[in-house]
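Comments concern the structure below.
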DNA sequence: TGTAATCTTGACCAAGCGGTCAATTTTTGA
DNA sequence: TCAAAAATTGACCGCTTGGTCAAGATTACA
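Chains as they are written, first to last, in this note's numbering: chain A, -5 to 207; chain B, -5 to 207.
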């Protein structure tokens, strides 16, 4: 118990700190590319520049590495939603939420894909964490409902609205190969995120019907 | 060559026809649940009610089964987009495209997840098929652009519009566990698809800004 | 009915995998 | 400086996996 707490809250040595970080970084790279079952400890160890037994000196098992990653990711992944401010102006709040989510898809695609992989497989390793997720969404859905009641937003189901935001933004990380294949080489540069941001702004505020003026 | 063609175009025996179909159905079930690497031939054979060597009597390798599935899926998956009619009314055309895609997510979630799995892993087994995908999207993007030029649709990037439709609809199949976890048990019934349809209709036509009247 | 073609599977193999262990090297700190 | 603690790894183990093979069961058809 004592050692367990110590190793959780405070790394003991400099080497331990560095190596655990290197392993997690390598595991993120490998897991996000091949999924949990498709990744091997040897691959991760090689990516981290160490031997397999050495990796297992820091983490008791392959799954332990994965769990730490998932926990971290889910946490940072929800930060943008946490920032949704009930006191702010509804439409701008939602627009900036979308922008932040899109920036995360751009800057942390590996994290997005690792998480997507987990959900796609039925989330066998994170049924618990999904509860926290629900709690946060319930909370923010209530906020959105007050906005709607105040006539500051169209009457929509806040849950499906959040799903739509998640889906449209994470799509650019999770389905990156498809997006690039469809856009073609010329349009696969960084500009695609700005185009996406522009489109999503229009979609979520005004929809697709022609501008009435 | 001769035998190869014969087995592709016309099944030789009744048993062959039935067993190959049973294998593909079983493989769809298993692959969509565990991904390619996470699935074993034994699992698929058991699901299909036969022995592993028997399965390998009909398909030369695990990957061959997967390839046939992917080919079929990609084809039926694009049918709704093919139906997008340049001669129709823009908004209703798009609305019914969204509805059809949502119905596919509801009725064929395994197919959606299998495909998502493949793309997520970087589409190692289908770089070729992505070309056909691009061709079709280019074609339909041109149609959408004529609609925009005619003033019948807001000025948006047709590619990102199509991405948004794919993302929001397939989300209900690919991220099903997450959707159910967030909605809670009470709202995880079939009704969620009707709610989603209603929301997406509002979103894609009018956006989220309060109804002006 | 009989026999050739088709179908089926238990037993097996080699490779890959997660994880262990004992032995060695490196680092730490008095 | 030097011994204890921490870090590192080659060799290894048992299990799973994709795929083969030979031998037997079933089916098709003349």
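Every residue, glycine too, gets a C-beta built ideally from N, C-alpha and C.
Small disclaimer: the values here were computed from a predicted structure and weren't measured.
Return no unless some Cβ of chain B is closer than 8 angstroms to the Cβ of residue i.
i: residue 24(A); result: no
i: residue 66(A); result: no
i: residue 83(A); result: no
i: residue 36(A); result: no
i: residue 178(A); result: yes
i: residue 139(A); result: no
i: residue 96(A); result: no
i: residue 107(A); result: yes
i: residue 134(A); result: no
i: residue 128(A); result: yes
With a CB to CB cut of under 7 angstroms and the five nearest residues on each side skipped, what residues in its chain are close to residue i?
i: residue 170(B); result: 103
i: residue 190(B); result: 96 and 166
i: residue 202(A); result: none
i: residue 195(A); result: 89
i: residue 23(B); result: 41 and 104
i: residue 152(B); result: 135, 138 and 139
i: residue 182(B); result: 174
CB residue i to CB residue j, shorter than 8 angstroms?
i: residue 17(A); j: residue 51(A); result: no
i: residue 41(B); j: residue 55(B); result: no
i: residue 72(B); j: residue 130(B); result: yes
i: residue 156(B); j: residue 172(A); result: no
i: residue 176(B); j: residue 128(A); result: yes
i: residue 206(A); j: residue 200(B); result: no
i: residue 49(B); j: residue 64(B); result: no
i: residue 154(A); j: residue 193(B); result: yes
i: residue 118(A); j: residue 146(B); result: no
i: residue 44(A); j: residue 74(A); result: no
i: residue 107(A); j: residue 187(A); result: no
Using a Cβ-Cβ distance cut-off of 8 angstroms, determine whether residue i contacts chain A.
i: residue 202(B); result: yes
i: residue 155(B); result: yes
i: residue 151(B); result: yes
i: residue 92(B); result: no
i: residue 29(B); result: yes
i: residue 32(B); result: yes
i: residue 59(B); result: no
i: residue 69(B); result: no
i: residue 209(B); result: One cannot answer for residue 209(B) here, as it falls past the ends of chain B, which runs -5 to 207.
i: residue 79(B); result: no
i: residue 187(B); result: no
i: residue 162(B); result: yes
Buried or exposed: which applies to residue i, given that a residue is buried once 16 or more other Cβ atoms fall within 10 Å of its Cβ?
i: residue 86(A); result: exposed
i: residue 162(B); result: buried
i: residue 10(B); result: exposed
i: residue 76(A); result: exposed
i: residue 8(A); result: exposed
i: residue 143(A); result: exposed
i: residue 84(A); result: buried
i: residue 168(B); result: buried
i: residue 58(A); result: exposed
i: residue 33(A); result: buried
Less than 8 angstroms between C-beta atoms, sequence neighbours within five positions excluded: which residues of the same chain meet that for residue i?
i: residue 111(B); result: 25, 26, 29 and 30
i: residue 159(A); result: 88, 91, 92, 95 and 198
i: residue 150(A); result: 142
i: residue 46(B); result: 35, 36 and 39
Quick one: residues in its chain with C-beta nearer than 6 angstroms to the C-beta of residue i, no 5 flanking neighbours on either side, listed in chain order?
i: residue 67(B); result: 105 and 109
i: residue 2(B); result: Note that residue 2(B) has pLDDT 40, beneath the 50 cutoff, so the model's placement of it is unreliable and no number is given.
i: residue 13(A); result: 52
i: residue 80(A); result: 137
At a cut-off of 7 angstroms, is residue i close to the ligand ATP when judged by its beta-carbon and the heavy atoms of the ligand?
i: residue 106(A); result: Because no ligand of any kind appears in the structure shown, any question about the ligand ATP cannot be addressed here.
> Could you give the uninterrupted runs of the alpha helix (DSSP H) lying entirely in the region 22 to 92 of chain A, keeping only those of 4 residues or more?
Replying inline: Restricting attention to alpha helix (DSSP H) runs no shorter than 4 residues, the region 22 to 92 of chain A encloses them at 35 to 42, 46 to 52 and 56 to 76, ordered along the chain.
> What are the complete alpha helix (DSSP H) segments, minimum 4 residues, inside the region 155 to 205 of chain A?
Replying inline: 170 to 177 and 185 to 200
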